[in-house]
Amino acid sequence: MLLKSSQNLEVGKECLNKGQYDAAASRIYYAVFQAVLNWARLKRGFVEQKDVHAAITRLMKVGTSSHLYHESFNNLRILRVKADYDPEPVEREELEDLLPMCERIIAFYKRQVE
């Protein structure tokens, strides 16, 4: 799962650099999601549920020391939904503002399972 997370982050950054902001939002969201899901499975005994995304968001809210992680992940989720379903595209600035925190979240959850 961590390999998928790393690959999605790399592809997300490439899409961002190419101006493909909707694709970037989706890939970066899944990079964060997969890092958190890996932690939840290994450290919390998480078993997939019907709405795995909502369940992971709840676990993240109570499972970390940083409210900013949860808030940033939620903002990224909103961008991913916009990218997938909204006729308006994601703006570069929206994603660039979140990217550093996304990288911190991924690094944090990777360290939690080492």
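The sequence shown runs 882 to 995 under the numbering used here.
Backbone N, C-alpha and C fix where the C-beta goes; we use that ideal spot for every residue, glycine too.
Please read all numbers here as calculations on a predicted model, not as lab measurements.
Where the alpha helix (DSSP H) containing F927 begins and where it ends: Note, F927: premise wrong, no alpha helix (DSSP H); not H, not E.
Local conformation of M982 per DSSP, three classes: helix
Classification of A906 by the beta-carbon crowding that lies within 10 angstroms, buried from 16 upward: buried
Continuous alpha helix (DSSP H) stretch holding V892: start and end: 883–898
Pairwise C-alpha distance: V913 and E984: 8 Å
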